[in-house]
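Inspection log for the structure reproduced underneath, given as structure tokens.
Numbering (this note's numbering), first residue to last: 102 to 557.
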């Protein structure tokens, strides 16, 4: 049975923007939350049933995993923008070539990442000064996790293609099913077979396999130019160049964030395993806020991309304004909930009082202004949708990575506390908002006449 665009896909170039953006973003939020629950289930199971060393081991790998994967995940952003733009311009052949180029690229990227992650897991963890009582479990988790990287890449690229045509509901259904499998396998592997961190890693890979199979099957039954045909899998040089032009800078931006986060994780490691355990729980809780805000980044990116391709300049600025309003409302509300309930939320992951205190310290500092991270990402989404590639990366290099590294080696060195370390996050977000805002205003000034005619 073919996947009817009438029922699931969204025309982003006409109709009510706030209504359609909500219809697009809400399933994406739930999908992202479910994906994050994969990792949360890992942390809760090992924290509750194995111990704080296992919790620290699993949690300490996050920054390093992101550092290794973000470059290639950025290519999925490039695929999203390119497909959305061709759809807006009604260029079916270009859509088809981009889809098949993106899917083959995802497989190749995943294989490369699997080899790198499996081979260099332990040496990289050693460079981060991971404690001796944690590094064994952390390296085991990373190696198994990276063996599943081709699966993860296929899922992310396929989902990016579906977002480009406005379908965010069916990936939600697939992740809900896969999430149930992940939780069940976690409990079976850890409680029944006593596998520890290896068990939760295998459960994560298996659940990702299920979601990847389902989303690729969806593409294989599309009734539009995005339909997947295995026989058409090939790299179209011009389409790969287009994906790379947008996606590589986006991926580099993610890597830039991750470099600073790896340095911060290394600094946290110096406070010991209980600080690492509490920080891991805090990071996971913040993750639920982040993905709720980041959904508005992808929403703004897709809506701006389609309308830019269709020449609907009147809807571009409106899409950005609605994206900023929604991300503020979601981020501010969720920040408040996290601040109010922080000891209870951290207590879900660990029973140790000191670890809970460390986790509460992180949330108290970061969630005070976490919504500014969402505002920053929405502006970046608009810039990517407009075709900006290098400039947002340079601004992030300066505002995020540059500032945090400077902060770690200057102010944090003389004021060695976790609160001072965590303060680098909100300060860097506010700086980068200003820098990205300047880039957007440059585009507005350059296209002033087109905007006047479209809105006029």
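The beta carbon of each residue, even a glycine, is placed where N, CA and C say it ideally should be.
- Distance from the CA of residue 155 to the CA of residue 290, rounded to the nearest whole angstrom, comes to 14 Å.
- In chain order, 379, 383, 443, 444, 447 place their CB closer than 8 Å to the CB of residue 461, counting only its own chain and leaving out the 5 sequence neighbours on each side.
- Rounded to whole angstroms, residue 169 and residue 356 show a C-alpha spacing of 8 Å.
- Taking residue 267 as reference, the option from 194, 135, 188 with the minimal CA-CA separation is 188.
- Note that the C-beta distance between residue 282 and residue 509 is not below 8 Å.
- Here DSSP, grouped into helix, strand and coil, assigns residue 339 to helix.
- The criterion of a C-beta distance shorter than 8 Å is satisfied by residue 340 and residue 199.
- The beta carbon of residue 222 sits closer than 6 Å to those of 240, 243, 244, all from its chain and outside the five residues before and after it, given in chain order.
- In the structure shown, residue 445 falls within a helical segment according to DSSP collapsed to helix, strand and coil.
- Shown here, residue 468 sits in coil according to DSSP, grouped into three states, outside any helix or strand.
- When rounded, the separation of the alpha-carbon atoms in residue 129 and residue 458 is 32 Å.
- The three-state secondary structure of residue 232, taken from DSSP, is coil.
- One Cα belongs to residue 554, the other to residue 539, and the distance between them is close to 23 Å.
- Here residue 394 carries a helix assignment [DSSP, helix/strand/coil].
- Collapsing the DSSP output to three states places residue 373 in coil.
- Short of 8 Å from the beta carbon of residue 484, and not among the five residues preceding or following it, lie these beta carbons of its own chain, in chain order: 492, 493, 537, 540, 541, 544.
- Per DSSP, the unbroken alpha helix (DSSP H) holding residue 257 starts and ends at 250-265.
- Shown here for residue 502: same chain residues with a beta carbon closer than 8 Å to its own, the five before and five after excluded, namely 357, 358, 360, 361 in chain order.
- By the Cβ neighbour-count rule, residue 110 is buried, with 16 or more other Cβ atoms within 10 Å of its own.
- Note on geometry: alpha-carbon atoms of residue 303 and residue 520 lie some 35 Å from one another.
- Under the three-state reduction of DSSP output, residue 351 falls in the helix class.
- The residue from 182, 180, 201, 159 with its alpha-carbon nearest to that of residue 232 is 159.
- When 294, 172, 310 are compared, the shortest CA-CA separation from residue 349 is found for 172.
- Inclusion of residue 506 and residue 386 in the CB contact set at 8 Å is not warranted, their separation being larger than that value.
- Fewer than three beta-carbon pairs drawn from the region 430-441 and the region 215-230 are found closer than 8 Å, and the two stretches are therefore not classed as touching.
- When only Cα atoms are considered, residue 225 and residue 395 end up about 28 Å apart.
- Within the region 172-243, there are no complete beta strand (DSSP E) runs of at least 3 residues.
- For residue 371, the closest C-alpha among the options 522, 311, 333 is that of 522.
- Residue 490 carries a coil assignment under DSSP once its states are collapsed to helix, strand and coil.
- When C-alpha distances from residue 549 are compared across 489, 417, 481, the shortest belongs to 417.
- In the structure shown, residue 113 falls within a coil segment according to DSSP collapsed to helix, strand and coil.
- Counted as a single uninterrupted DSSP element, the alpha helix (DSSP H) harbouring residue 287 occupies residues 270-288.
- Counting along the chain, residue 513 sits inside the alpha helix (DSSP H) bounded by residues 512-515.
- Here residue 389 is not near residue 147, since their CB atoms are 8 Å or more apart.
- Annotation for residue 542: the continuous alpha helix (DSSP H) segment containing it runs 519-547.
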